[in-house]
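**Q** Below: one structure in C-alpha cells.
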Ligand code: NAD
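Numbering (our numbering), first residue to last: 33 to 321.
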C-alpha cells in the first residue's frame, strides 16, 4: 500500500492524456497540488472549470519552478520542445520529469540535457487512449489495467523510478520497463503501422465513393472496426509517424513483400496457401489475450 504523496505536480499539455493523468494523480494523492499548462487557453480554462487541475500556470517557468513531478503530455514533437525549454530552467532538486508520448527514442535522446543537469527523466507511455482528444474527454479510469511502458536508463536512480510509479499509482496501470528502441519497434508493429493501414483503407473507400456513393453506406461492421483508429487526431499522428519514421519504413517494406506473396497465391489460385494464410492469422488472433 502506498502513502498518499504531497507535493507539486506540473502537467504540460492538458488534453485527453494529460487531463486523465491529472485525475489519476489527484485520486491517489488528494493532497498533491496539480498545476497545469497548455498553449491552448480554451483547454486550460476547461481543465480548471472541470476541476482537472488545481491551478493554471501562465508560463512553463512558473509551473516548473517548484514542481516535484513534471509530466509532459503534448504531441510528441512538442515534447522535445518542452524538454528543451525545461533544460534552460533551474528546477527543484530531486524533481522527476516524465512524458506520455507515443514514441520514445527521439524523446529520450532529447532528454539527455536534463540528465546532464542532474535531473531524473524517465520516458513513459500509458498504452491506452481513445480517438477522442481534449481535456473534456479525460477520465480517471482511462488507463485501468492497461500497460504503462517506462524507459529508464541504466543510470536512472531506482528510488526515483519507484517514486514515479508511486505518483502514477492511481492510473491502476501495469508498469513495464522496456528499452526505448524496443518500445518504438513494438508500438510501430501494434499501433503506428496499423494506423497508417487504417488511414489508407479509408482513402481507398473515399476514392471509390467518388464514383460509387453506395460504398459509404455499405461500409458497416468489419470496415468500421478496422478503420476506427483513423478518426484520431491527425496532428498527433503526423508527429508520431515522423518520430518513428525508420521503424515505419521497414514495416512498409515487410508488408509490401507480404502483399506480393498473397498476390502470388491469388494469381496462382493456390487454395492450400490461401487457406494456410487465413488459418494461421485466425489461430494467432484467437490466441491473443
Ligand atoms: P490531445 O490533443 O488531447 O492533447 C494534447 C494537448 O497538448 C492539447 O491540449 C494541446 O493544446 C497541447 N499542446 C500542444 N502543443 C503544446 C505546447 N507547445 N505547449 C503546451 N501544450 C501544448 O492529445 P492526447 O491524446 O492527450 O495526446 C498527448 C500525448 O499523449 C501525445 O504525445 C500522444 O502521442 C500521447 N498518447 C496518446 C494516446 C491516445 O490514444 N490519445 C495514448 C497514449 C499516449
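From the three backbone atoms N, C-alpha and C, an ideal C-beta is built for every residue, glycine too.
(1) How long is the line joining the alpha carbons of residue 86 and residue 65, rounded to whole angstroms?
(2) Using C-beta distances below 7 Å, list every residue in its chain close to residue 188, excluding the 5 sequence neighbours before and after it, in chain order.
(3) Check each candidate in 233, 123, 138 and name the one with the smallest Cα separation from residue 146.
(4) For residue 262, which residues of its own chain have a beta-carbon under 6 Å away from its beta-carbon, when the five flanking residues on both sides are left out?
(5) Taking DSSP's pairing of strands, which residues face residue 130 in a bridge?
(6) May I ask you to report which of helix, strand or coil DSSP gives residue 166?
(7) Looking at C-alpha atoms only, which residue of 305, 194, 176 is the closest neighbour of residue 184?
(8) Any idea if residue 284 is buried or exposed, counting beta-carbon neighbours within 10 angstroms, 16 or more meaning buried?
(9) Enumerate, from N- to C-terminal direction, the unbroken alpha helix (DSSP H) stretches of 4 or more residues contained entirely within the segment 36-118.
(10) For the ligand NAD, is there any heavy atom lying closer than 6 Å to the beta carbon of residue 268?
(11) What are the boundary residues of the alpha helix (DSSP H) that residue 310 is part of?
(12) Sorted by chain position, which residues of the same chain lie with C-beta nearer than 7 Å to residue 37's C-beta, five sequence neighbours on each side aside?
**A** Concretely, from the data shown:
(1) One C-alpha to the other measures close to 6 Å.
(2) Answer for residue 188: 152, 154, listed in chain order.
(3) Measuring from the Cα of residue 146, the nearest candidate turns out to be 123.
(4) Cβ neighbours of residue 262 beyond the five flanking positions: 230, 231, 234.
(5) Residue pairing of residue 130 in beta bridges, as defined by DSSP: 103, 154.
(6) Reduced to three states, the DSSP call for residue 166 is coil.
(7) The alpha carbon of residue 184 has as its nearest neighbour, out of 305, 194, 176, the alpha carbon of 194.
(8) Residue 284 is exposed by the Cβ-count criterion.
(9) The qualifying runs are 48-60, 73-81, 92-97.
(10) Correct: residue 268 has its Cβ closer than 6 Å to the ligand NAD.
(11) Counting along the chain, the alpha helix (DSSP H) containing residue 310 begins and ends at 303-319.
(12) Contacts found: 61, 64, 198, 199.
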